[in-house]
Amino acid sequence: MAEDLTITASTDKTEQYTTLIPQIEALLYGEPDLVANMANVAAALKEQFKWFWVGFYLVKENELVLGPFQGPVACTRIGLGKGVCGASWQQAKTLVVPNVEAFPGHIACSSLSRSEIVVPVFKDDKVVAVLDVDSELLDQFNETDAQYLEQIVKLVNF
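Residue numbers (the working numbering): 685 to 842.
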């Protein structure tokens, strides 16, 4: 398959995700390398939605360590329970944050980030990574994003 995406111009999130997911499946099909797959997922999401930052943090011992991402430089390590990413890991649930300034203990990797969604990635019922997405806009993410991003992270073979 050519590594080109068909970007959906629709403003309907459901339509954007339902068009993007088969393309992500095709990108991942037959590719066993985790880093390559995380990189392509981050790139596909960034291209479709034009979010400020999209990337993965991997659980390594007692912290999250920066993995493949698209966007400006990022925090390299995040502790359990620290910031939105660490809280999502600790709680083992997706967190949608409409305004990061209102989130207790938010870690400002970039002062331009205004809202965030973090989706835990599970393997054998254990969180092994998180998908972190930041926007420069307030209230960018909702349950539609949570539903589809949870589906997308399951496509990556952790």
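Note that beta-carbon positions come from the ideal geometry of N, C-alpha and C, so glycine has one too.
Look at the beta carbons and you see the segment 696–707 touching the segment 723–734: at least three pairs across the two are nearer than 8 Å. Listed in chain order, the beta strand (DSSP E) runs fully inside the segment 710–756 are 737–744, 747–754, counting runs of at least 3 residues. For Leu833, the enclosing alpha helix (DSSP H) stretches over residues 827–839.
Bounds of the beta strand (DSSP E) holding Gly763 are 761–763.
Excluding its 5 nearest sequence neighbours in each direction, Leu821 has C-beta neighbours in its own chain below 8 Å: Arg798, Ser799, listed in chain order. According to the DSSP secondary-structure assignment, Phe842 is paired through a beta bridge with no residue. Contact annotation: the segment 771–789 touches the segment 803–810, with at least three C-beta pairs closer than 8 Å. Relative to the Cα of Trp737, the nearest Cα in the group Phe842, Val802, Ala813 belongs to Val802. Of the candidates Gln824, Arg761, Val781, Arg761 places its Cα closest to the Cα of Cys793. In this structure, DSSP gives Ile801 an extended state, which the three-state scheme calls strand.
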